[in-house]
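Participant: Questions regarding the structure given below will be posed in turn.
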Amino acid sequence: MGSSMARGDIENLATDFFGLFESFKHAPFYHIIIEVSLLLAVVWLLFFRKPRPIEKKLTEKEKQELIDEWQPEPLVPPVDSNHPALNVRVLDGIVGKTVEIDGRKSLNFATFNFLNFVGNQRIADKAIQAVQKYGVGSCGPRGFYGTIDIHLELEERLAKFFSCEEGIIYSYGFSTIASIIPGEIKFLL
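The sequence shown lines up with residues 2 to 190 when you count with the numbering used here.
So, in structure tokens, the structure goes:
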């Protein structure tokens, strides 16, 4: 026996080998293409890929020569002192649809005052009253500060405007889905 294979082992190996071909006959074509491609890739990696050249390490003298020769490039190109970006223009007065720049009236294309509320004294007075009554904060959602009279007043006015019995407001759109649907569903179940 020793190192030679028994007759039964050879028959099993032949059966397995022919079984492999039998499975290829029933496999989809794309499956065979993928397996053959992968097999060819492995053969190429093992036998035909060029080895990387051995990199020669630099001596200390060569390193020092490279360091001495190196001249850093400027991070930014030189800028003319008269460049427009360096000459800051100052706006005079309230920023609106027109602005005064260096004494000259100009049309303001960079405004966020689309409804021209800036400079409206009535709105400024109401804003001062609101700050005195409610204080100053970055936002005013109910979930953070709780319900206050201004929330209820806005809901009532919106409901009247849309001819509804009642209304509810949310601080932003995607929170509506997360809270209104579960809140209404519990009454239906």
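Built from N, CA and C at the ideal position, the CB exists for glycine as well.
Excluding sequence positions up to five away, which residues of its chain have a Cβ less than 8 Å from the Cβ of Phe-22?
Facilitator: Answer for Phe-22: no residue qualifies.
Participant: When the distance is taken between beta carbons, is Ser-180 closer than 8 Å to Cys-140?
Facilitator: Not closer than 8 Å, so no.
Participant: Kindly indicate the opening and closing residues of the beta strand (DSSP E) around Arg-50.
Facilitator: From DSSP, Arg-50 is part of no beta strand (DSSP E); its letter is neither H nor E.
Participant: Less than 8 Å between the beta carbons of Arg-90 and Asp-103, yes or no?
Facilitator: Yes, Cβ-Cβ distance for Arg-90 and Asp-103 is below 8 Å.
Participant: Could you compute how far the alpha carbon of Ala-128 sits from the alpha carbon of Val-80?
Facilitator: Ala-128 and Val-80: Cα-Cα distance of roughly 44 Å.
Participant: What separation, rounded to the nearest whole angstrom, lies between the Cα atoms of Arg-105 and Ala-125?
Facilitator: Going from the Cα of Arg-105 to the Cα of Ala-125 covers about 26 Å.
Participant: Mapping DSSP to helix, strand and coil, what is Glu-167?
Facilitator: Three-state DSSP puts Glu-167 in coil, outside helix and strand.
Participant: Per DSSP, what are the beta-bridge partners of Leu-108 in this structure?
Facilitator: DSSP output for Leu-108 lists Thr-99 as bridge partner(s).
Participant: Relative to the alpha-carbon of Asn-117, which residue among Phe-162, Phe-49, Val-132, Val-96 has its alpha-carbon at the smallest distance?
Facilitator: Considering only alpha carbons, the answer is Val-96.
Participant: Looking at Ile-170: is its Cβ nearer than 8 Å to the Cβ of Leu-159?
Facilitator: Yes, Cβ-Cβ distance for Ile-170 and Leu-159 is below 8 Å.
Participant: For Leu-92, list the residues DSSP reports as bridge partners.
Facilitator: DSSP lists Ile-102 as partners of Leu-92.
Participant: Which same chain residues end up closer than 8 Å to Gly-3 when comparing Cβ atoms and leaving out the 5 residues on each side of it in sequence?
Facilitator: Since pLDDT at Gly-3 reaches only 48, below the 50 mark, its modelled position is unreliable, and no value is offered.
Participant: In chain order, what residues of the same chain have a beta carbon less than 8 Å from the beta carbon of Phe-30, not counting five sequence neighbours either side?
Facilitator: Once the five neighbours on either side are set aside, Phe-30 has no close Cβ partner at all.
Participant: Comparing alpha-carbon positions, which option in Gly-94, Gly-168, Gly-138 lies nearest Val-119?
Facilitator: The shortest Cα separation from Val-119 among Gly-94, Gly-168, Gly-138 belongs to Gly-94.
Participant: Helix, strand or coil for Met-2 per DSSP?
Facilitator: Summary for Met-2: the model assigns pLDDT 47, below 50, so the residue's position carries little reliability; its value from the coordinates is reported in the next sentence. In this structure, Met-2 counts as coil in the three-state DSSP scheme.
Participant: What does a CB cutoff of less than 7 Å around Ser-107 pick up in its chain, not counting 5 residues either side in sequence?
Facilitator: Once the five neighbours on either side are set aside, the close Cβ partners of Ser-107 are Thr-99, Val-100.
Participant: Name the two residues that bound the continuous alpha helix (DSSP H) containing His-152.
Facilitator: 150-162 is the span of the alpha helix (DSSP H), which, as asked, contains His-152.
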